[in-house]
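Some notes on the structure that comes next.
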Amino acid sequence: MTGRASNGMLAPTTPRAGEPLLSRVERVRRREGRVRTEHVTLAHGGGGKAMRDLIDDVILGELGQRDHGELEDQARTPLEELSSRGDRLAFTTDSYVVTPLFFPGGDIGRLAVNGTVNDLAVSGAIPLHLSLGLILEEGLPIDDLRRVMRSVRAAAEIARVRIVTGDTKVVARGAADKLFINTSGVGVMRRGISPSIRGACPGDYVITNGFIGDHGAAILAARGELALETTVESDTRALGGLIGELVGACEVHAMRDATRGGLATVLNELALGSDVHVYVDERAVPVRDEVRGMCELLGLDPLYLANEGNVVFVVAEDSVTRAMELLRAHPHGAGAAVLGRVSASPEGMVTLRTQLGGERVLDMLVGDQLPRIC
Amino acid sequence: MKFVDEFRDPTHAAALVREIGERVATLGRSPSRPLKIMEVCGGHTHSIFKYGIEQMLPPSIELVHGPGCPVCVLPVGRVDDAVKIAETPGVLFATYGDAIRVPGSRGSLLDAKAKGADVRTVYSPLDSLALARKNPDKRVVFFGLGFETTAPSTALTVLEAEASGVDNYFVFSNHITILPTIKAILDAPDLSIDGFIGPGHVTMVIGVAAYGFIADTYGKPFVIAGFEPLDVLQSLAMVVEQIARGEAKIENQYRRVVREGGNAVAQDAIERVFELRPHFEWRGLGTIEHSGLTFREPYARFDAEKAFAIRTVPVADPEQCQCGDVLKGVIKPWECKVFGTACTPAVPIGACMVSSEGACAAYYQYGRVSTSARAEARRELKVVR
């Protein structure tokens, strides 16, 4: 029987009748740890009991992986299990530093799972295993960490990936911003499927699965600096399933998720990577009215806003009809659209037919989008 | 989206382009001797490039992108002053976003921020006043930039700061006025402009009558225009129509926003807080008399130039930079020696390459595609569903 003492320490354990002192101490030493402070402190990164408790209780506990006994320092995966599903490994890593940690439509935990899962999926791989690296700032509320871990668990279940290894560090206040997450991911690439950023050919179609700019707009509004209210939610979601369907049925030459830098950046990467011209019709680009309205107000271009659930597919001419059918029938393909087409020249360039009927270059962004004065 | 798409309708745009084309055809101009129309305001430059308007026009019309990008005409010396203020310990420096990357002689505000200066981006001067209230231990300096469009909100914010007794708030005023600038362009010996698209939002403040001299003294058509693409096209049609009829008038296309007399409240606010400097330096255009705004004596305590003992040292533009010639319309952006090579949006030498309203950045970002490539692209488009 334990109670919580006013100083946050465990209250004395009631001795069992006749139990020798040393065995009583040993029993308590092996008892499952619990974190009883409200905030992360430097002690949680010290490598001792406090850290062990944090990992057991908050991290593994919320991830639903607590009953594993003593942990190894690395994940071990039988090669047989992997090679039965494909013939190459895909390996990727990404770090997540989003502010705020929680935003409409998601949080940093969901983002950290979905982002890395999508980076694997766009290679044509089946995402399987993720690592989870956490950098915690001293003072982070334990409840926030619990909430993020629950979110990681839920997202991993939906994406059908396992968190197989991890690491936790605590840094002094100010040395990080609340919580940074790094996830690396391993997937197995399906035999015979090799989409590549170099794979776009003249005549191919450029299509996408959903509305663009939702994530960027939701984050901008959630920061609260602009006194803007909007109903837009982040589009963070795992696209492994949708991509699996597409690569199984269509000739997909290239895929990339349009995250930082937005749609415009991915289109430019395609044009440069494949040394082709990508021609896009602005009127075909799916943008929600809420996002457009916000961009109008702030002088931003939705084509450069970040997405977390949006993939640009380059498909062969023969496949475009089938691909659009599949996308439209999928829950993550609600905003599916044919954006444009690939042609031979001018090489390495994206041009946009504007809403008005004019034409212009659609280039990569130099830095951040800078709001204009007037 | 309602109240937006109506002003970007491709059918109406095509009709206006046709109308402009037919009218220009009667003027006997050619691509080698085109009709030159200047849009004074950077907002128009941005619209023209963003919607691809220039490429829709007949080749016998040339758009000259004027000096109305307040960030572009900010001289290097003033950027250095801004950086110096921002680097002062205990200062929180608030600026509009597009000024943050303008290079001074010792780097930009963004560089200063990276080195530890507290530089924040704001959307309005009121945001900077809120920062001053929230940070009473800091001296908060707002980078006051822009024409009569933004000057009223700076003035009203200063009045608000005074009324509510905020004593850690300052403004580094680089506000400028449009009329002396237009006059300087009209007085240039190499002037070759046939007509003007006038600034909509400035005129919303100062009113239509102020431009009379452009038609009366200089005989140039001047049409005050809105910023949506159909506004720009309709205004171009109106300028061309005046030229075709041999007229020179001040017309107001942007009547849904611009009143004849302007906005009296805004004019009063400017008048109350600011007075004209004897002269002010413009990048590329040199010193223009009575073209800059500074604080009147009763508001001098808000003046960052006094609080930080700023004595602007004129700094020459980098030698290779031809921003001045671009701003006056003497050369096109791509005719500059360093355009797209030494000077790019990523590593700008001149300010015209920084702001998205700057002619060089707009052209680099949106415009650099050859005519033949466009023709090929158009053919390809037909197959996109």
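So the protein lines, in turn, are chains S and R.
Here the working numbering is used: the first residue of the first sequence is 1, the next is one more, and so on.
Here the working numbering is used: the first residue of the second sequence is 1001, the next is one more, and so on.
Cβ coordinates follow ideal geometry from the N, Cα and C atoms, glycine included.
Considering only the alpha carbon of each residue, which of the options lies closest to residue i?
| i | options | result |
| --- | --- | --- |
| S:Asp57 | S:Glu81, S:Arg31 and S:Leu226 | S:Arg31 |
| R:Lys1220 | R:Gly1207, R:Gly1226 and R:Ala1244 | R:Ala1244 |
| S:Ile135 | S:Ala176, S:Tyr205 and S:Ile108 | S:Ala176 |
| R:Pro1229 | R:Gly1284, R:Val1040, R:Ala1362 and R:Tyr1051 | R:Tyr1051 |
| S:Asp368 | S:Phe313, S:Leu303, S:Thr354 and S:Arg360 | S:Leu303 |
| R:Leu1137 | R:Gly1090, R:Ser1356 and R:Leu1159 | Note on residue identity: the sequence assigns Asp, not Leu, to residue 1137 of chain R. R:Asp1137 has its Cα closest to that of R:Gly1090, out of R:Gly1090, R:Ser1356 and R:Leu1159. |
| S:Val148 | S:Val170, S:Val171, S:Ala112 and S:Ile158 | S:Ala112 |
| R:Gly1286 | R:Glu1022, R:Tyr1218 and R:Pro1314 | R:Pro1314 |
| R:Lys1084 | R:Asp1216, R:Phe1213, R:Ala1304 and R:Glu1062 | R:Ala1304 |
| R:Tyr1254 | R:Val1024, R:Gln1267, R:Pro1199 and R:Glu1247 | R:Pro1199 |
| R:Ala1025 | R:Trp1334, R:Pro1059 and R:Val1073 | R:Pro1059 |
| R:Cys1336 | R:Thr1181, R:Pro1345, R:Val1141 and R:Cys1323 | R:Cys1323 |
| R:Ser1386 | R:Leu1109, R:Gly1107, R:Gly1144 and R:Leu1110 | Lying before the first or after the last residue shown, residue 1386 of chain R is absent from chain R, which here runs from 1001 to 1385. |
| S:Gly309 | S:Val40, S:Arg173, S:His332 and S:Ala271 | S:His332 |
| R:Ile1394 | R:Phe1170, R:Gly1226 and R:Asp1111 | This structure does not reach residue 1394 of chain R, given that chain R is present from 1001 up to 1385, and the question cannot be answered. |
| R:Cys1321 | R:Ile1182, R:Val1158, R:Gly1284 and R:Ile1178 | R:Gly1284 |
| R:Ala1204 | R:Gly1262, R:Ile1193, R:Leu1191 and R:Leu1236 | For the record, residue 1204 of chain R in the displayed sequence is Met; it is not Ala. Nearest of R:Gly1262, R:Ile1193, R:Leu1191 and R:Leu1236 to R:Met1204, Cα basis: R:Gly1262. |
| S:Gly46 | S:Asn307, S:Thr168 and S:Pro202 | S:Thr168 |
| R:Val1171 | R:Ala1188, R:Cys1069, R:Leu1186 and R:Ser1153 | R:Ser1153 |
Straight-line CA distance for residue i to residue j?
| i | j | result |
| --- | --- | --- |
| R:Thr1312 | S:Phe211 | 49 Å |
| R:Ala1300 | R:Asn1168 | 13 Å |
| S:Val25 | S:His44 | 22 Å |
| S:Asp318 | R:His1065 | 45 Å |
| R:Arg1008 | R:Ile1037 | 21 Å |
| S:Ile126 | S:Gln65 | 22 Å |
| S:Arg160 | R:Pro1103 | 49 Å |
| R:Glu1380 | R:Ala1209 | Its pLDDT being 44, under 50, R:Glu1380 is placed unreliably in this model, and the coordinates cannot settle the point. |
| S:Val247 | R:Asp1317 | 55 Å |
| R:Ala1151 | S:Asp144 | 44 Å |
| R:Lys1306 | R:Gly1358 | 30 Å |
| R:Glu1376 | S:Ser194 | Below a pLDDT of 50, predicted positions are generally treated as unreliable, and R:Glu1376, at 45, falls in that range; no measurement from the model is reported. |
| R:Asp1118 | S:Glu38 | 31 Å |
| S:Glu62 | S:Ile55 | 10 Å |
| S:Val413 | R:Val1004 | For chain S, the structure presents residues 1 to 374; residue 413 of chain S sits outside this window and is missing. |
| S:Val98 | S:Thr236 | 13 Å |
| R:Pro1240 | R:Ile1020 | The sequence given here has Val at residue 1240 of chain R, not Pro. Near 7 Å, if we compare the C-alpha coordinates of R:Ile1020 and R:Val1240. |
| R:Ala1130 | R:Arg1259 | 31 Å |
| S:Cys374 | S:Asp257 | Because the pLDDT of S:Cys374 is 49, which lies under 50, any placement of that residue in the model is unreliable, and the number read from its coordinates should be weighed accordingly. The alpha-carbon atoms of S:Cys374 and S:Asp257 are separated by roughly 33 Å. |
| S:Asp119 | S:Cys250 | 20 Å |
| R:Ile1349 | S:Ile158 | 50 Å |
| R:Gly1146 | S:Val152 | 47 Å |
| R:Thr1217 | R:Leu1159 | 37 Å |
| S:Val278 | R:Leu1027 | 38 Å |
Starting from residue i, follow its DSSP beta bridges and name the residues at the other end.
| i | result |
| --- | --- |
| S:Gly166 | S:Leu132 |
| R:Tyr1123 | Beta-bridge pairing links R:Tyr1123 to no other residue. |
| S:Ser184 | S:Thr93 |
| R:Phe1274 | R:Phe1295 |
| R:Asp1118 | R:Leu1092 |
| R:Val1223 | R:Ile1197 and R:Glu1251 |
| R:Ser1030 | R:Arg1033 |
| S:Arg256 | S:Val312 |
| R:Tyr1169 | R:Val1140 |
| S:Arg24 | Per DSSP, none; premise fails for S:Arg24. |
| S:Tyr205 | S:Val315 and S:Arg341 |
If contacts are defined as beta-carbon pairs under 8 Å, then residue i and residue j qualify, I think. What distance do you get, rounded to the angstrom?
| i | j | result |
| --- | --- | --- |
| S:Val276 | S:Leu339 | About 14 Å; that fails the 8 Å criterion. |
| S:Gly273 | S:Met364 | About 13 Å separates the two Cβ atoms, so there is no contact after all. |
| R:Leu1233 | R:Ala1013 | 6 Å |
| S:Val188 | S:Leu79 | Not really, about 10 Å apart at Cβ, beyond 8 Å. |
| S:Val117 | S:Gly185 | 6 Å |
| S:Ala329 | S:Phe313 | No, S:Ala329 and S:Phe313 are not in contact; Cβ-Cβ is about 15 Å, not under 8 Å. |
| S:Ser95 | S:Asn209 | In fact, because the Cβ distance is near 25 Å, the residues do not count as touching under 8 Å. |
| S:Ser123 | S:Ala90 | 5 Å |
| S:Val315 | S:Asp204 | 6 Å |
| S:Ser234 | S:Gly105 | 3 Å |
| R:Ile1061 | R:Pro1034 | 6 Å |
| R:Gly1077 | R:Glu1281 | 7 Å |
What I want to know is whether the C-beta of residue i ends up closer than 7 Å to one or more non-hydrogen atoms of the ligand HEM.
| i | result |
| --- | --- |
| R:Ala1094 | With respect to the ligand HEM, the structure shown offers nothing to examine, as it has no ligands at all. |
Segments of 3+ residues assigned as beta strand (DSSP E) that fall wholly inside the region 288-322 of chain S: 311-315
Any beta strand (DSSP E) of 3 or more consecutive residues that is wholly inside the region 93-166 of chain S: 125-137
Segments assigned beta strand (DSSP E), at least 3 residues, entirely inside the region 321-369 of chain S: 337-343, 349-353 and 359-361
Uninterrupted alpha helix (DSSP H) stretches inside the region 1297-1359 of chain R (no shorter than 4 residues): 1304-1307 and 1323-1327
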